[in-house]
Structure formats: C-alpha cells, structure tokens
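*Asks:* Structure below; questions to follow.
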Amino acid sequence: MIVLLIAHKAEAQCFFRRMTFRKETCGYLSGDTCLVITGNKDRLSRHILPGIKKLKQDFKEIHLLNLGFAAVLNRRLPLDTPVQVDLSVNESGETAIPLTSAGLNLPAVRCISVADSRQPLDSGNEELPVVVDMELFRLAGETRRLALPLSSVKIVSDFYEQHVPARVLIEKAAPLSCQLYDVYQSFQEKLNDLV
C-alpha cells in the first residue's frame, strides 16, 4: 500500500484527473494507493493520523510518500525541479528528522518547515540546496512516533525570498501536480521492481 500525503488539493489535482478514487476513512482509495489530503496541523492530528494508524494495522506493508510544492532558498535550484528530501528540519534549525530515501534519481535537499512563509531564512552555510514548506516537519515527527518510514519529494515551485502568495501557487498548480503524479508513478514502479 502506498499512502500519498499531500497538503493541498491543488497539489493533487492531476491525481484526481488520472485515477479513479473512492472516498474512505483513510482518504481517497484507488487500488493499492491511498491519497490523503493532510491540510493543516489540526486536520493532521484529528483526522489523518487515525486513518494512517488503521492502514498500518490493515496492511502488512505501507509506504508513506509526502508529495508537494516547496520554495527554494537562495535560488540554488531552478523552478520546476523535483527534489528528494533527505532531512526535515524545524524552523529554528535545532531539530532534524532523517527521512527514508524514495529511491529515485533526484537531487537530495534539506527541507525547513515554517509556520509563516514570510519569515527570513538563510541557507548560506548549507552544503545541499534547501527547500521550504509548511508541513513536512510536523508530518515527519508524527510518522516517526508511529514508527513508519516517510519519504518526501517536492517540486520547486518558487523562490522563497519572493514570498509568492498561495493563490498564485494554486493558479500554477496544474503542471506541477502532473510532475508530482509522474514522481508517484516512478515510486510505484520502483516498489514493484523490489517485489
């Protein structure tokens, strides 16, 4: 079972166009894939985590894959670049959670999760490029508590220092969502090759 964890429906729009889902307690089910719109932290705690716990009980093996858009710091990557997150970091930079590799041939990055996208950040000392989102760190912490490995792939949607409004990202979400769908298909093929 692949569990796709996507923050916003706009990021998942290509999945809804290309797959047939039925609504279940865990999210949207299509064959061996469950798509979960994680939303904000309250939704994650109240609705999403109980569904993931149930999937963990019902299926012998589940693979959690967080997919979404992220801004890049200091323009160290071009827009529309898919990246694999190897380390999720809180906004203070004091706590980091290693993630499981998605096994895809993508650049590795660190991801800083922030509560406010206008918060000043600097990645000048970082070896790897750094992307910024709003949910991965919280998600990584919760899945770690459940002892479930989490992989994450982000598409670089904008440059962090430009503070692009959410409505603009939603307007340009369609092609980026299709890139996420392609990543999902590659991830699924990789898992099938291992079986």
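Going by my numbering, the sequence shown opens with residue 1, and the numbers climb by one from there. For glycine and all other residues, C-beta sits at the position ideal for the given N, C-alpha and C.
Measure how close the beta-carbons of L99 and A140 come, nearest whole angstrom, since I'm counting them as under 8 Å.
*Replies:* Translated into positions along the sequence shown, residue 99 becomes position 99. Translated into positions along the sequence shown, residue 140 becomes position 140. A140 and L99 do touch by the CB rule: their CB atoms are close to 6 Å apart, below 8 Å.
*Asks:* Just checking my contact of I155 with L191 at CB under 8 Å: how many whole Å lie between their CB atoms?
*Replies:* Here residue 155 refers to the residue found at position 155 of the sequence shown. Here residue 191 refers to the residue found at position 191 of the sequence shown. Actually they are not in contact, since the Cβ atoms of I155 and L191 sit about 20 Å apart, beyond 8 Å.
*Asks:* Tell me the residue span of the beta strand (DSSP E) that contains S152.
*Replies:* Residue numbering aside, residue 152 sits at position 152 when the sequence shown is read from its first letter. Segment 150-159, the beta strand (DSSP E) holding S152.
*Asks:* Taking contact to mean at least 3 C-beta pairs separated by less than 8 Å, is the segment 101-115 in contact with the segment 23-31?
*Replies:* Taking 8 Å as the limit for Cβ pairs, the verdict is that the segment 23-31 does not touch the segment 101-115.
*Asks:* Which one of G51, A173, L65, K53 has the shortest CA to CA distance from P149?
*Replies:* Numbered from its first residue, the sequence shown carries residue 149 at position 149. For the residues G51, A173, L65, K53, the minimum Cα distance to P149 belongs to L65.
*Asks:* By alpha-carbon positions, which one of R75, G51, I62 ends up nearest to D158?
*Replies:* Taking the first residue of the sequence shown as position 1, residue 158 is located at position 158. D158 has its Cα closest to that of R75, out of R75, G51, I62.
*Asks:* Which term fits G68, buried or exposed, when burial requires 16 or more other beta carbons within 10 angstroms of its beta carbon?
*Replies:* Taking the sequence shown and counting its residues from 1, one reaches residue 68 at position 68. G68 comes out buried.
*Asks:* Going residue by residue through the segment 12-70, where are the continuous beta strand (DSSP E) segments of at least 3 residues, counting only ones entirely within it?
*Replies:* Annotation note: the segment 12-70 contains the following uninterrupted beta strand (DSSP E) runs of length 3 or greater, listed N- to C-terminal: 28-30, 33-37.
*Asks:* Quick check on DSSP: helix, strand or coil for R110?
*Replies:* Residue 110 sits at position 110 when you count from the first residue of the sequence shown. Of the three classes helix, strand and coil, the one that applies to R110 here is strand, per DSSP.
*Asks:* Put Q84 into one of helix, strand or coil per three-state DSSP.
*Replies:* Walking along the sequence shown from the start, residue 84 turns up at place 84. Residue state, collapsed to three classes: strand.
*Asks:* Check whether the Cβ atoms of S177 and L104 sit closer than 7 Å, and answer yes or no.
*Replies:* The residue you call residue 177 lines up with position 177 of the sequence shown. The residue you call residue 104 lines up with position 104 of the sequence shown. Contact check for S177 against L104 fails: the beta carbons are separated by 7 Å or more.
*Asks:* With a cut-off of 8 Å on the beta carbons, I'd call L49 and E135 a contact; round off their distance for me.
*Replies:* The residue labelled residue 49 in the question sits at position 49 within the sequence shown. The residue labelled residue 135 in the question sits at position 135 within the sequence shown. With a Cβ gap of about 13 Å, L49 and E135 do not count as contacting.
*Asks:* Ordered along the chain, which non-local residues of its own chain (more than five positions away) have a Cβ less than 6 Å from that of A96?
*Replies:* As a first step, residue 96 must be located in the sequence shown, where it is residue number 96. Cβ within range, chain order: L87, V89.
*Asks:* Take L79 and list the residues in its own chain whose beta-carbon comes closer than 6 Å to its own, dropping the five residues that flank it on each side.
*Replies:* Residue numbering aside, residue 79 sits at position 79 when the sequence shown is read from its first letter. Same-chain partners within the cutoff: V156.
*Asks:* Return the residue from the list S101, L55, A10, A7 that minimises the CA-CA distance to D32.
*Replies:* If you number the sequence shown from 1, residue 32 lands on position 32. Measuring from the Cα of D32, the nearest candidate turns out to be L55.
*Asks:* Give the DSSP-derived three-state secondary structure of L4 in the structure shown.
*Replies:* Taking the first residue of the sequence shown as 1, we reach residue 4 at position 4. Correct three-state label for L4: strand.
*Asks:* With 16 as the cutoff for other CB atoms within 10 Å, does Q57 come out buried or exposed?
*Replies:* To locate residue 57, count along the sequence shown from 1; it is residue 57. Classification of Q57: exposed, given that the 10 Å Cβ count is below 16.
*Asks:* Where do the ends of the alpha helix (DSSP H) carrying P175 lie?
*Replies:* Working through the sequence shown from its first residue, we reach residue 175 at position 175. P175 -> alpha helix (DSSP H) spans 173-194.
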